[in-house]
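Asks: Each number in my numbering corresponds to the 1-based position in the sequence shown with 1102 added.
Before we start, here is the structure in question, set down as structure tokens.
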Amino acid sequence: MTMKRQAAELGRIRTGYSRPNPNPGKGPIPVKSKTFVLTSHSRDYVAAAAELYGGTVEQWTPQRSSIAQWRVITDAKELKAIVPAGDPLSVSYEKWGGGGCERRCDGETESISRQPCICLARFGEDWHERSAEQVCRPTSRIGVFLPDLPDLGVWRLETKSYYAADAMAGGLDTVLQATGGAGLLPVRMWIEQRTAVRNGKTKQFQVVMLVPALPKLRHALSGPISTAAALDPASLDRPAIEAAAVPDYVTEAKACATVEDARDVWRRARAAGHVDPKGTDPLSRELIRIADDIAAGVDTATGEVGEDDDQGDDEYGPDGDGAYPVEVLDDEPPADAHAAGGWPEVATPGGGAR
């Protein structure tokens, strides 16, 4: 219960690499990359990244390590990723040496020694202007999913830039306030070149920008989004497909001249799944009533027996009572009528319920 659960780390996302030093006895020369560098212990992951983002797979051994890994210096200046649920960003001040992490501080308390901030105590408010050999450096880490690469796990991005720490923390904190970290979040990452003037000197540096990859800001602030939307953010801005309107079967049935035509209306409703095959639902009962009215010569529009004074009595039958001739139907439908989508067995127009 006290152990931290996290997704497996498949590899690292880097913004630089090293090249051999031509001077004998000198260490490798660090190089700032204008494109992302992906490294992993698995050649398969790096090969998949090279196929997706471009670049050449090569074996590589990190500094201060004797274990070879694989890397690809990609052609990608931007990556599309997905941030896991929860609070995925870790930010702290850290100082590393040959024995590993020597200090890790939140700006007030150094967590390893449990002492107040050592850098502040030794060098005062301007401690951050000291060299990395003397003081801690801001270290930001975030694990993201690269959805177009194999397997379920995160790729860790790590940066030691003050500006990147501010940019990532500020943007993600805003979104986490809206979503509560309850869902996945699609993001865009790119390497941005910047300059700053300090003490009269211009310094060039690069930061990794990480922002929500959503069509509109309101999507980022309106709460958690679905996994499907995280995989396809553009779907959030597509108009919803309106459900197909159910045909007005009642109006169609009332316009029918014969019982068989009214039956056909019910059959079409049944084929579309809008009525119960047994004819017990409200729409079926209404269509059955309309068919019974037609069989009885009732005007389905007015509810009255139809009349026409301009025609002779011979048009109304021997009694001259104004009733329309009734279509004669067999009481029993064909044996396979119900199986073929025939009229429901619970009623026969003009003959009542069965």
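Don't be surprised by glycine CBs; every beta carbon is placed ideally from N, CA and C.
In this text, all values refer to a predicted model and were calculated from it rather than measured experimentally.
Which parts of the region 1335–1392 are runs of the alpha helix (DSSP H), unbroken and 4 residues or longer, counting only runs that do not cross its ends?
Replies: 1351–1356, 1361–1373
Asks: Is it buried or exposed for P1314, if we count other Cβ within 10 angstroms and need 16 for buried?
Replies: buried
Asks: Could you tell me the distance, in whole angstroms, from the CA atom of T1276 to the CA atom of D1339?
Replies: 21 Å
Asks: Could you work out which residue in E1210, D1268, Y1147, T1402 is closest to V1352 when comparing CA atoms only?
Replies: T1402
Asks: Scan the region 1161–1223 and note each continuous beta strand (DSSP E) run of 3 residues or more that stays entirely inside, going in chain order.
Replies: 1171–1175, 1180–1185, 1191–1199, 1202–1207
Asks: Looking only at its chain, what residues have a beta carbon closer than 8 Å to the beta carbon of R1239, apart from the 5 residues adjacent to it on each side?
Replies: Within the same chain, and ignoring the five residues on either side of R1239 in sequence, the residues whose Cβ sits closer than 8 Å to its Cβ are Y1195, E1196, K1197, K1262.
Asks: Contact check, A1371 vs I1392 under 8 Å by CB: the rounded distance?
Replies: 12 Å between Cβ atoms; not a contact.
Asks: Along the chain, where does the beta strand (DSSP E) that runs through E1260 open and close?
Replies: 1256–1261
Asks: Quick one: Cα of I1169 to Cα of T1163, how far?
Replies: 6 Å
Asks: If contacts are defined as beta-carbon pairs under 8 Å, then L1286 and A1332 qualify, I think. What distance do you get, rounded to the angstrom?
Replies: 4 Å
Asks: For R1258 and I1131, which I take to be in contact (beta-carbon distance under 8 Å), what is that distance rounded to the nearest angstrom?
Replies: The Cβ separation is near 24 Å, so there is no contact.
Asks: What are the boundary residues of the alpha helix (DSSP H) that includes Q1279?
Replies: Boundaries of the alpha helix (DSSP H) harbouring Q1279: 1264–1281, taken from the DSSP string.
Asks: DSSP three-state label for W1292, please.
Replies: DSSP, read as helix, strand or coil, puts W1292 in strand.
Asks: Quick check: what's the CA-CA separation for G1201 versus A1234?
Replies: Rounded to whole angstroms, G1201 to A1234 spans 16 Å at the Cα level.
Asks: Mapping DSSP to helix, strand and coil, what is L1154?
Replies: helix
Asks: Tell me where the beta strand (DSSP E) around L1112 begins and ends.
Replies: From DSSP, the beta strand (DSSP E) with L1112 extends over 1111–1121.
Asks: Between the Cα of G1157 and the Cα atoms of I1214, H1143, R1173, S1142, which residue gives the shortest distance?
Replies: R1173
Asks: For D1416, which residues of its own chain have a beta-carbon under 6 Å away from its beta-carbon, when the five flanking residues on both sides are left out?
Replies: Its pLDDT being 43, under 50, D1416 is placed unreliably in this model, and the value from its coordinates should be taken loosely. Hits under 6 Å: none found.
Asks: T1211 to A1223, Cα distance in whole Å?
Replies: 11 Å
Asks: Below 7 Å CB to CB, which residues in the same chain sit around G1414 once its five sequence neighbours on both sides are set aside?
Replies: Only weak support exists for where G1414 lies, its pLDDT of 41 falling under 50; the value from the coordinates is given anyway. Within the same chain, G1414 has no close Cβ partners at all.
Asks: Count the other CB atoms within 10 Å of the CB of S1192; is the residue buried (16 or more) or exposed (fewer)?
Replies: exposed
Asks: I need the straight-line Cα distance from G1381 to G1375, nearest angstrom please.
Replies: 12 Å
Asks: Use the C-beta contact count for D1228: other C-beta atoms within 10 angstroms, 16 or more gives buried, fewer gives exposed.
Replies: exposed
Asks: What is the rounded straight-line gap between the Cα of S1328 and the Cα of K1318?
Replies: 16 Å
Asks: Assign R1232 to one of three DSSP states: helix, strand, or coil.
Replies: In this structure, R1232 counts as coil in the three-state DSSP scheme.
Asks: In whole angstroms, give me the CA-to-CA distance for P1190 and S1242.
Replies: 10 Å
Asks: Provide the residue(s) that pair with L1287 in DSSP beta bridges, ordered along the chain.
Replies: V1185
Asks: Can you tell me which residues form a DSSP beta bridge with I1131?
Replies: R1121
Asks: Tell me, please, which residues DSSP counts as bridged to G1399.
Replies: For G1399, which the question treats as bridged, DSSP gives no partner whatsoever.
Asks: Alpha carbon to alpha carbon, how far is A1397 from D1350?
Replies: 21 Å
Asks: Count the other CB atoms, across all protein chains shown, that sit within 10 Å of the CB of I1214; report buried if there are 16 or more and exposed otherwise.
Replies: exposed
Asks: Just how far apart, CA to CA, sit K1182 and V1367?
Replies: Looking at the two C-alpha atoms, the distance is approximately 52 Å.
Asks: Starting from R1239, follow its DSSP beta bridges and name the residues at the other end.
Replies: R1239 is bridged to E1196.
Asks: Is the separation between the beta-carbon of V1133 and that of G1113 shorter than 8 Å?
Replies: Between V1133 and G1113, the C-beta spacing is not below 8 Å.
Asks: Can the beta-carbon of L1312 be found less than 8 Å from the beta-carbon of A1151?
Replies: no
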